[in-house]
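Residue numbers (my numbering): 16 to 355.
Everything below concerns the one structure shown next.
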Ligand code: KG4
Ligand code: ZN
């Protein structure tokens, strides 16, 4: 029997300061997330400088708490996995430097994890991955369809050409005067709505797996302006429901087409927007009727956390991937396979 592995994960790419210990890449031993939402809410979005300052204040406490909750000493760990990119450069640097200092002081290897690989591997904390697998990644910065033929192998089949799904949610929420982050607010209004405004669906050219959400966002803005010119107010429930219906239909339809074309054994959803109740219900229902296994992690593992970084880091650790102390934050890091 092989020895158990314990990986410390660290995540600071955006507005959550998080640390977590994961055993064997599949079992969460501790998971600490310090959110900045309350303070970023005042500005209606994430202010990079403020995000960095929060990370500096929180990072040591969060790592200490993750270790204390796991009842592990640094020398009992096998490696430190940290989000290397993409994200806000100042925010990434806090996590990367904390990870380097921790790894150096404890004599541990350091592993740089791609944030999206982390979102995907959140699923591995729930059930084993089966390949080939289709991952629908929907977050504040990404909207992608990725095929995985095995661990560490990522083939991008579609992505957004403009706004990410979460970005569109946040912008539309702002148009409706809802607080940041807008996704959960729109989700709630949509669920309570008794009707919907019909907005267009951005299918793009036939056969394309790409996405576009900026036209939809403009439609919502135009709709509001047109009503304002007539002296009327929008019904935020109907707008939220109509906007969400458009996003959900396009994401579900393209994910289903890709799942069939690539003959996948499993479909998984990942990222902050995968917390959306309307999207979860639509994907669950669609893949159930098609007899294709579909999984989405619980909401706390869809939004940013460090357990997902430790999970992806564990898979990289098993494959012998190691970083070094020259590691830097990579704001525009591409999702590259670590194994073919
Ligand atoms: O993955 P995540 O926590 O951070 C990034 O990597 O970007 O995603 C954050 C995004 C935000 O745009 C937020 O509005 C959205 O996820 N989000 C949601 C919901 N919960 C979070 N969008 C729609 N419905 C939700 N319930
Ligand atoms: Zn994320």
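By construction, the Cβ of each residue, glycine as well, lies at the ideal position given by its N, Cα and C atoms.
These numbers were taken from a predicted model, which means no experiment stands behind them.
If you draw a straight line from the alpha carbon of residue i to that of residue j, how long is it in whole angstroms?
| i | j | result |
| --- | --- | --- |
| residue 81 | residue 308 | 33 Å |
| residue 29 | residue 92 | 26 Å |
| residue 306 | residue 147 | 15 Å |
| residue 36 | residue 22 | 6 Å |
| residue 182 | residue 60 | 10 Å |
| residue 52 | residue 143 | 32 Å |
With a Cβ-Cβ cutoff of 8 Å, do residue i and residue j count as a contact?
| i | j | result |
| --- | --- | --- |
| residue 326 | residue 255 | no |
| residue 346 | residue 171 | no |
| residue 119 | residue 340 | yes |
| residue 153 | residue 286 | yes |
| residue 177 | residue 223 | no |
| residue 97 | residue 127 | yes |
| residue 156 | residue 269 | no |
Using CA coordinates, which residue listed in the options is at the minimum distance from residue i?
| i | options | result |
| --- | --- | --- |
| residue 366 | 53, 51, 52, 34 | This structure leaves residue 366 out entirely; the chain is present only between 16 and 355. |
| residue 311 | 69, 186, 294 | 294 |
| residue 335 | 156, 321, 354 | 354 |
| residue 216 | 209, 210, 229 | 229 |
| residue 135 | 333, 117, 328, 342 | 328 |
| residue 106 | 157, 178, 77, 26 | 26 |
| residue 54 | 48, 46, 66 | 66 |
| residue 114 | 351, 350, 342 | 342 |
With respect to 7 Å, is the separation between the Cβ of residue i and the closest non-hydrogen atom of the ligand KG4 below this value?
| i | result |
| --- | --- |
| residue 238 | no |
| residue 318 | yes |
| residue 97 | no |
| residue 299 | no |
| residue 291 | yes |
| residue 24 | no |
| residue 185 | yes |
Using 7 Å as the cut-off, classify the Cβ of residue i as near or not near the heavy atoms of the ligand ZN, replying yes or no.
| i | result |
| --- | --- |
| residue 130 | yes |
| residue 134 | yes |
| residue 286 | yes |
Can you check DSSP and say which residues form a bridge with residue i?
| i | result |
| --- | --- |
| residue 226 | 175 |
| residue 170 | 162 |
| residue 192 | None; residue 192 has no bridge partner. |
| residue 97 | 25, 127 |
Quick one: does the C-beta of residue i sit closer than 7 Å to a heavy atom of the ligand HEM?
| i | result |
| --- | --- |
| residue 154 | Only the ligand KG4 and the ligand ZN can be found as ligands here, which leaves the ligand HEM out of the picture. |
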